[in-house]
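A.B. asks: Start counting the sequence shown at 78; every next residue gets the next number (our numbering).
Beta carbons are placed, not taken as given, at the ideal position from N, Cα and C, and that holds for glycine.
Dropping the structure in here first, questions after.
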Amino acid sequence: LRMAIRRNHTCCHILQAALREVLGEHVHQCGSYVDANQCRFDFSHFSAMTPEELQKVENYVNKVILEAVPVTTEVLPIEEAKKKGAMALFGEKYGDVVRVVSVGDYSTEFCGGTHLTNSSQAGLFKIVFETSVASGVRRIQAITGMAVMSMLYDYKDTLEKTCAVLRTPNFDELPHRAESLLAEVREKNAKIESMEQAAANAKLGDIFADVPEINGVKLVCAKLDGMGADGLRKTGDSIAEKFDCFVAVLAGTADGKSNILCKCSKSAVEKGANAGTLVREIAAVAGGKGGGKPDSAMAGVPDAAKLGAALDAAKDIAAKYIK
Ligand SMILES: [Zn+2]
């Protein structure tokens with residue numbers, strides 16, 4: 078356990094050197110936290126790190142680990158420590174004599190903590206995430222040693238489970254398999270949509286069979302089960318293609334929501350029909366609310382069972398306005 082803390086602590090020091098090398102000299106430590114499971118390092122930097130930068134930093138730290146450089150501790154007068162270029166924590170008060178920890182020639186820092194004696198003892202270093210903690214301050218959380226192996230096993234486990242679910246023999250084929258499955262879903266969705274449209278058109282055939290007229294305005298009323306708001310709008314468009322002068326009142330329920338759409342042709346609006354007014358009055362019969370423009374309006378109805386009553390009232394309501 079103590080070695081795990083040391084691994085994370087020493088890597089925290091190497092990480093600072095790596096960040097200054099990859100991102101620039103503006104990087105300063107704003108805080109750090111080390112325990113047996115992780116090292117967390119907060120530093121000054123003004124934008125999120127790119128995946129390439131993160132990889133460069135990881136590679137730098139792992140290179141220092143593989144070089145097996147000694148980690149040394151010296152107790153020095155503060156002036157001498159400063160002359161050596163030791164990094165101090167900004168705003169921190171130090172005494173006349175300080176402890177300085179060096180990782181080879183890579184890092185020299187004021188530090189009172191316990192460390193590895195050689196960088197190679199860290200084994201492996203892996204960044205888990207990089208995020209913002211405050212304006213101009215980023216945080217890196219990283220793991221070392223066997224924790225990196227556990228992370229690899231977790232990844233492998235996830236990939237194997239995904240392979241099993243997608244019935245794919247190996248990892249390399251996963252992206253291709255996922256893409257082709259998504260393409261399949263899109264294709265099937267398109268097919269379902271066109272079948273639904275065909276079914277709706279078939280229903281419309283019945284509706285168009287016997288359409289009443291009020292002063293030359295065709296009144297198309299229909300209850301379309303299983304049709305949501307989008308379906309109602311599409312059906313309204315089909316009616317507009319078929320009739321020149323019409324008022325359409327379409328009701329449907331889908332996913333537990335009931336809607337009434339009212340659509341009026343321009344010529345019907347000229348004769349006094351107003352979709353906004355009509356849909357409000359018709360929906361009110363079923364306890365619903367809504368509104369919209371003179372040519373198109375939508376209302377929601379809380380109780381699907383009352384849609385029939387609302388549609389039955391539609392003709393009388395429309396007749397009040399169409400002159
Ligand atoms: Zn330290």
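(1) If we ignore side chains and look at the alpha-carbon of each, how far apart do Ile284 and Cys339 end up?
(2) Candidates Gly181, Gly168, Glu144, Leu143: which alpha carbon is nearest Lys52's?
(3) Kindly list the residues whose CB is nearer than 6 Å to the CB of Gln218, restricted to its own chain and excluding five residues on each side of it in sequence; keep chain order.
(4) Measure the Cβ-Cβ separation of Ile142 and Ala199 and say whether it is below 8 Å.
(5) Under a Cβ-count criterion, where at least 16 other Cβ atoms within 10 Å of its own Cβ denotes burial, should Arg244 be classed as buried or exposed?
(6) For my contact list, Met228 and Lys203 are in at a C-beta cut-off of 8 Å; report their separation, rounded to the angstrom.
(7) Using the beta-carbon count (16 or more within 10 Å), is His90 buried or exposed?
(8) Under the rule that 16 or more other beta-carbon atoms within 10 Å means buried, what is His103, buried or exposed?
(9) Should the segment 305 to 313 be regarded as contacting the segment 255 to 262, the criterion being three or more beta carbon pairs within less than 8 Å?
(10) Could you check if Val262 is buried or exposed, using at least 16 other CB atoms within 10 Å of its CB as the buried criterion?
(11) Where do the ends of the beta strand (DSSP E) carrying Leu236 lie?
(12) With a cut-off of 8 Å on the beta carbons, I'd call Ser315 and Ala381 a contact; round off their distance for me.
(13) How about Ile394 and Ala360: do their beta carbons lie closer than 8 Å?
(14) In the DSSP assignment, the alpha helix (DSSP H) including Thr312 goes from what residue to what residue?
(15) Tell me which same chain residues have a C-beta within less than 6 Å of the C-beta of Cys341, skipping the five on either side of it?
(16) Can you give the Cα-Cα distance for Gln93 and Glu270, rounded to whole angstroms?
(17) Taking the alpha carbon of Gly303 as the reference point, which residue from Ala286, Asn292, Leu327 has its own alpha carbon closest?
(18) Can you look up Ile394 in the DSSP assignment and give me helix, strand or coil?
(19) Just curious, the beta strand (DSSP E) that Thr330 is in, first and last residue?
(20) How big is the Cα-Cα spacing for Ser212 and Gln106?
(21) Return yes when the Cβ of Val134 is within less than 8 Å of the Cβ of His192, no when it is not.
(22) Tell me the residue span of the alpha helix (DSSP H) that contains Asn136.
C.D. replies: From the atom records:
(1) 15 Å
(2) In the structure displayed, the chain extends from 78 to 400; residue 52 sits before or after that span and is not available.
(3) Gln115, Arg117, Val205, Phe206
(4) yes
(5) exposed
(6) 6 Å
(7) buried
(8) exposed
(9) no
(10) exposed
(11) Per DSSP, Leu236 belongs to no beta strand (DSSP E); it is in the alpha helix (DSSP H), 223 to 242.
(12) That pair is no contact at about 23 Å.
(13) no
(14) 306 to 319
(15) Val324, Ala350, Ala352, Asp372
(16) 56 Å
(17) Leu327
(18) helix
(19) 323 to 331
(20) 14 Å
(21) no
(22) 128 to 143
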